[in-house]
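Shown next, in structure tokens, is the structure this report addresses.
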Amino acid sequence: MSRASRSAVLSVLSLAAALALPVAGPPPGPARAAVHHTGDEAAVLGEEHARTHARLRQAARSTQGYPQSRRTESLAALEQSQRRANAGFDAARFGRFTRFFPSPDFGVHVALLPTGKVLLFSFERVEADPTKETGPTNTVGRTNAGRAWLWDPAAGTGARAFTNVPPPVVLVPDGTYSPRPAPFFCAGHSYLPNGMVGVFGGNVGGKGGSGARLSFVFDPWTEKWFRNRDMAVGRWYPSVVTGADGRQVIMSGQSERGTGTPTPVVERFPALGHRVPWRPYDIPVGVPAERLRSDAPFRNDYPHLFSLRDGMIYGLGRDADQQWLFDPVEDVRRDLPRRPADFRGYGSAVPLPAGFRGPDSVLVLGGDPRDPHTYRLSGGRWTTEEPRAFGRTQDGTLILPDGTLITVNGALDTRDYGHGPFNPKADPKYRQIELRDARGRWTLGPAQRLPRGYHSNALILPDGRIMVTGDELQQIANDPDITDGMDGSIELYEPAYLHRGTRPALDRVPAGDLPYDTAFEVSSSTAQDARRAVLLAPTTVTHSVNTSQRHLDLRMTGIRGDRIGLRTPPGAADAPPGHYMLFLLDAKGVPSTAKWIKLGAR
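So the sequence shown is numbered by my numbering: it starts at 49 and just counts up by one.
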């Protein structure tokens, strides 16, 4: 065993000792799986209000099998063990976790919007017992429903910082004729050039779930959902990526026939002949997608998709032999070499920063609890890169403004936290984050409060902090009040760069569209301290699949007083059109608070 490996093992063991908690067995007693309310109550309160009351009554019944006292004790124990474990980590080297607070949504899907707010959406739970399936995957009818919220970080962390943005009410072809908020959980999504989030697919219900043809956009400017024409096929667990032309390419997902029937059909939104939404008021309503000639016969769902600097779309399947290159212009698919590792479950993948140009390589990591190695695809070849301390699945890896990487979350396997399926007591090592430096070396860092595995997510906020959320089983297992409407949670992490001195200032950036390969200026009261200017694309992520991440350095052409001259990336293949966070960094790598710019011109 190498010195680095011994060090990693010792670090894991020491953290495990600090975080150790007793393992609880499955709680006794059944819990009902459906929510009902009386017609009289609906007549008095209204349909949606009555359903809310019914859910609260169901939550109270569900606590008989997993009582509130157990949740409260578990959360307190996690808080104490986190404090003990993190006492020895220097914030200037490893960062620190700061806030933990309730959320009204589980955060199965999250997206940072160009308004600075965060969109969270998931499902209405049908169970409050974390040793059972919480979501309505198998449910047919009204209780198979979605929900969505906005969190405004500028408004703080209390209940008033959240706004309900319910999805449109739809009918799904499940034979019940039961209108309900669209069950768009476990869909795929990416950004359009005007900052809207395109969301495709969802769950019709039935055994194991089945694919819905649903197609929506969420408009961050009006904070409303809009429905488009259904896709050609149903999709349950699809992936979506935005290409250099601003159109979204949709692949994979389990079909209308249910789990085990992934569709090979590839679609594009909007269809050719329909304008790509560009301006804030270009709201696509009733717009169709179109089926492409090429197919994507992934055997498993949620492949990683990336649009790289050559303008091609790279589809990296969970199976080692399903690695493909898609040409969105010629509409053809070509084979890529087999990945060195075997099957990967839900692990992360990141397009690695490449300086002033767009990314030309991808790092694949996680998805196999027995394999800590990371794998890089570059120039059509795979190489085995530096390992992390241990293998994990359900992890999330993010690019930080300084170009380094951070991994949060993780588990042994889907719904298995290290002590058996659906057991909310996770192996403590999965609470520990990992950091990758500019040389590609990984280091273990502090621990999260909650273990977060399946359905966990994270994203970087414009102020440089990281929001960690997701995993409904862990959230309800540690809910401080399971009977209220705040059954999710969010934790905030401050990277080390926020503990290394005063931050640079970024005062003003240009409004409007910025063409590619064009000079522009920003103003900063600390302009002389600026050493780098970088763009970071916003994140929209689910199930460890994050197709939108991107990091580019901008060329600095000169500093005159409080003015800094910069140049936009060379072309749309380097950075697809849309909104980006612009950070200034000083000599210590400390970033400013970001401001938004929009790349591309019609």
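Ideal Cβ positions, reconstructed from N, Cα and C, are used throughout, including at glycine.
Under the 10 Å beta carbon count, residue 646 is surrounded by 16 or more other beta carbons and is classified as buried. Excluding the 5 residues flanking it on each side, residue 173 has same chain C-beta neighbours closer than 6 Å at 182, in chain order. Of all alpha-carbon atoms in 436, 219 and 292, the one lying nearest the alpha-carbon of residue 241 is that of 292. A contact between stretches requires three or more CB pairs, one per stretch, nearer than 8 Å, and the stretch 179 to 195 meets this requirement with the stretch 238 to 253. A direct Cα-Cα distance of roughly 22 Å separates residue 511 from residue 403.
Assigned with DSSP and collapsed to three states, residue 116 falls in helix.
The continuous beta strand (DSSP E) containing residue 198 extends over residues 194 to 199.
Counting C-beta pairs closer than 8 Å gives three or more between the stretch 226 to 245 and the stretch 256 to 268, which meets the contact rule. Per DSSP, residue 522 is one residue of the alpha helix (DSSP H) stretching across 520 to 525. When the beta-carbon positions are compared, residue 311 and residue 303 come within less than 9 Å of each other.
Judged by beta-carbon spacing, residue 583 lies within the 9 Å limit of residue 598, meaning their Cβ atoms are closer than that value. Beta-carbon to beta-carbon, residue 273 and residue 216 are separated by about 5 Å, close enough to satisfy the 8 Å threshold. Considering only 608, 490, 509 and 476, the residue with the shortest C-alpha distance to residue 496 is 476. Within the DSSP bridge table, the entry for residue 480 names 495 as partners.
Three or more pairs of CB atoms, one per stretch, sit closer than 8 Å, so the stretch 635 to 645 contacts the stretch 557 to 576. The Cβ-Cβ distance between residue 145 and residue 541 falls below 9 Å. Relative to the Cα of residue 608, the nearest Cα in the group 305, 578, 116 and 596 belongs to 578. Close CB contacts of residue 165 within its chain, under the 6 Å cut and outside five residues either way in sequence, are with 198 and 200 (chain order). Between residue 148 and residue 519, the C-beta spacing is not below 9 Å. Per DSSP, reduced to three states, the secondary structure at residue 591 is coil, with no helix or strand assignment. At least 9 Å separates the beta-carbon of residue 234 from that of residue 206. If the five residues before and after residue 381 are omitted, its C-beta is found closer than 6 Å to the C-beta atoms of 342, 372 and 374, all from its own chain and listed in chain order. In this structure, DSSP gives residue 504 an extended state, which the three-state scheme calls strand. Excluding the 5 residues flanking it on each side, residue 307 has same chain C-beta neighbours closer than 8 Å at 255, 256, 257, 258 and 284, in chain order. Annotated three-state conformation of residue 542 is strand, per DSSP.
If the five residues before and after residue 224 are omitted, its C-beta is found closer than 8 Å to the C-beta atoms of 188, 189 and 190, all from its own chain and listed in chain order.
According to the DSSP assignment, residue 141 belongs to no beta strand (DSSP E) but to the alpha helix (DSSP H) extending over 139 to 142.
Apart from the 5 residues on each side of it in sequence, residue 417 sits with its Cβ closer than 7 Å to the Cβ of 439, 440, 441, 460 and 461 in its chain, given in chain order. If you look at residue 530, you'll find it isn't in any beta strand (DSSP E); DSSP assigns it neither H nor E. A residue is called buried once 16 or more other Cβ atoms fall within 10 Å of its Cβ, and residue 469, having fewer, is exposed. A direct Cα-to-Cα measurement between residue 202 and residue 474 gives close to 32 Å. In the structure shown, the three-state DSSP call for residue 208 is helix. Looking only at 314, 409 and 533, the smallest Cα-Cα distance to residue 176 is reached by 533. The C-beta separation of residue 580 from residue 633 comes to about 4 Å, placing the pair in contact by the 8 Å criterion. Note that the C-beta distance between residue 454 and residue 481 is below 9 Å. Taking a cut-off of 8 Å for Cβ pairs, the stretch 344 to 353 and the stretch 326 to 335 do not touch, as fewer than three such pairs fall below it.
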